[in-house]
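In the numbering used here, the protein residues as written are 6 to 516. Quick reminder that beta carbons are idealized off the backbone N, C-alpha and C, glycines included. Here's the structure we're looking at; comments come further down.
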Amino acid sequence: MNVIVQKIHKDEIAFNPEWPDADLRLLRSDLPEPPTLHLGEVFSPQWADWISSAADCKGAPADYVVAAVLSVCGSLVGNTRWASPWAGWAEPPVPWFVIIGNPSAGKSPGLDAVLVPLKKAERAMREKVQGDLDDWRAKAEVAKLAESAWKEAVKAAIKAGDEPPARPASANPGDEPAMPRLALADATVEKLAVIMSSQPRGTLLARDELAGWLQGMSRYSGGGSDRPFWLEAYGGRSYSVERMGRDPVYIDRLTIGVLGGIQPDRLRSLLIKTDDDGLLARLMPAWPHPAPVKRPDAQQDDAFLDGALQRLLSLQMPADESGHIRPWFVPFSEDARELLDHFRKAVREWEADAEGLLLSFIGKLPGVAVRLSLVLGMMEWASQEAVEPVEVSINHFGRAAHLVESYLLPMARRAYAEHSGSPAQRSARALVALIQEEGWEHFTARDVRRKQRAHLQDMEAINPAIKVLETADLIQPVEVPSGPKGGAPKRLFVVNPAVMEGKNEQMATRG
């Protein structure tokens, strides 16, 4: 290939390359097809029928309704029941889901099929508590006056040399009744800590768009002080939040489910720009094809879901010997433990063929399957198709493991396709994304380093990425002669116009 370099005037260079046929695979995602979700192989008959009808009614893929159902039901079980395969291993039944699709894919209607009834249940609970809260506020006003009068009496007694009076009972209004919060759209960590301290069951973070939350949580530079909070919220561990000028907040079991949507382009940007596979790998992605555009053939059975949610809300946390409430740990049957052992061995084999974000995702699948097995069992009880499980049976775990292997893992391979490959390939994809974002026609390695993007933060990552793009004929090197003041020649890389053309094609076709 010949590259003609002409000096036009100071600081301006013209490049006239002759490009061979380039390898355009780095400009494509090679997106795998979504796996098929067989509802009857995972859910009990009544739940499978309800999910299918709700999806049809909302004009959404059943995948979105499934993500919402598992997230909501899991969050309502929350800290009342934990799955425990054996001593030393216990999981809160709160799955984290992200549903993926374009704005017209039906994400919000699919989530609303479950979130709207959940909000209705919360509203009814809040109305019941409101009367108690009004009474408490009236007592609190009286308590302020009693407290003030008592302090004045203490001052007077001390001044007179008398015994100070005891604090009157009326100065203590008691604990403020807590308003139930079954789902939250957004809140600061400090606010969430206050809510969780008075709601030991846990709650659900449900947002139409998770992009902002994810970007804050998975940025390489740390994501601020929120990251440790959310790591603990996934595992249901104890946590304390220190507050400026106020007492710290202690939470025995910080358990918060996560559910929301994201558009494919935002997901791609997130994958390219992050090195952090911690919180992102905890989210189970659902990225189906859009549902056909048609009139609904069925109606959503609101009474079925309302009844199931009420049964789940009736669950209580038991108290230990000291009177502290805690989860009821649901053990595994022996044959369920044996199947779990086989599943863990299969996961080890899947890990051998994975790397990066997918490897981190696969490593969490045993815990995910344990969580989902309890959720499925409790859902059957909530629909009155079975008694409350006193143990996780082989049937429960088998269906959960099947969902993981046949659906969640292939869906993760689809969602993380653009984050796959060797470290050099991932860095090369990040460099392509940076070139497209900046609109570069030419650049230097120093230009790339200045941007401090994930996968491209030092020359050990930048040089292999440049080499991959050179081999693919997506860029070509050229040395610019030294200027009048001398110095080493400047090494530029010219960008094949196909790179920007590929960006335009992606914008037109990605979905």
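Sequence-distant Cβ neighbours of Ser58 in its own chain, meaning closer than 8 angstroms and more than five residues away, are Ala303, Gln304, Gln305 and Asp306.
Assignment of beta strand (DSSP E) within the segment 165-253, counting only whole runs of 3 or more residues, yields 208-214 and 244-248 in chain order. When the Cα atoms are used, Asp346 and Ala129 turn out to be separated by approximately 43 angstroms. Met416 is a Cβ neighbour of Trp292, given a cutoff of 8 angstroms. In this structure, the straight-line span from the alpha carbon of Val121 to that of Leu210 is close to 14 angstroms. Note on the segment 461-487: whole beta strand (DSSP E) runs with a minimum of 3 residues are 480-485, in chain order. Ser365: member of the alpha helix (DSSP H) spanning Gly361 to Gly368, first to last residue. Close CB contacts of Leu42 within its chain, under the 7 angstroms cut and outside five residues either way in sequence, are with Ala67, Asp68, Val71 and Tyr412 (chain order).
When rounded, the separation of the alpha-carbon atoms in Val77 and Gln389 is 18 angstroms.
Gly217 is not a Cβ neighbour of Val99, given a cutoff of 8 angstroms. If you draw a straight line from the Cα of Asp213 to the Cα of Val194, it is about 19 angstroms long. Across the structure, Asp252 and Ala176 are spaced so that their CA atoms are roughly 21 angstroms apart. Around the beta carbon of His294, a 10 Å sphere encloses fewer than 16 other beta carbons of the protein chains shown; the residue is thus reported as exposed.
Scanning the segment 305-387 for uninterrupted beta strand (DSSP E) segments of 3 residues or longer gives 333-336, listed from N- to C-terminal end. About 20 angstroms separates the Cβ atoms of Ala53 and Arg376, ruling out a contact at the 8 angstroms cut-off. Take the alpha-carbon of Lys124 and the one of Ala188: they are about 7 angstroms apart.
When Cβ pairs closer than 8 angstroms are counted between the two stretches, the segment 430-441 is seen to touch the segment 466-478, the count reaching three or more. In the DSSP assignment, the residues bridged to Lys495 are Val485.
Ranked by how close their Cα comes to the Cα of Lys63, the residues Met201, Pro301 and Glu237 have Pro301 in first place.
The three-state reading of DSSP puts His424 in helix, counting H, G and I together. Rounded to the nearest whole angstrom, the CA to CA distance from Ile330 to Ala341 is 28 angstroms.
Counting only residues of its own chain and dropping the five nearest sequence neighbours on each side, Pro169 has a CB closer than 8 angstroms to the CB of Ala158, Val159, Ala162 and Ile163.
At a Cβ-Cβ threshold of 8 angstroms, Ala450 and Lys369 do not count as neighbours.
Take the alpha-carbon of Leu259 and the one of Ser378: they are about 21 angstroms apart. Trp91 and Arg242 have their C-alpha atoms spaced approximately 18 angstroms apart. Val70: member of the alpha helix (DSSP H) spanning Ala67 to Val82, first to last residue. Counting every other CB atom within 10 Å of its CB across the protein chains shown gives Ala171 a total below 16, marking it as exposed. Proximity of the segment 96-116 to the segment 148-155 falls short of the contact definition, fewer than three beta-carbon pairs being nearer than 8 angstroms. Straight through space, the alpha carbons of Phe448 and Pro25 are spaced by roughly 20 angstroms. In the three-state DSSP reduction, Arg300 falls in the coil class, being neither helix nor strand. In this chain, the beta strand (DSSP E) harbouring Gly265 covers Ile261 to Ile267. For Gln51, the closest alpha carbon among the candidates Glu127, Gly266, Ile267 and Trp386 is that of Trp386.
Pairing Leu36 with Ala391 gives a Cβ-Cβ distance that is not under 8 angstroms.
For the pair Val397 and Val335, the CB atoms are nearer than the 8 angstroms cut-off. In the three-state scheme derived from DSSP, where H, G and I count as helix and E and B as strand, Trp141 is classed as helix. By alpha-carbon distance to Met505, the top candidate from Arg496, Gln481, Gln441 and Glu247 is Gln441.
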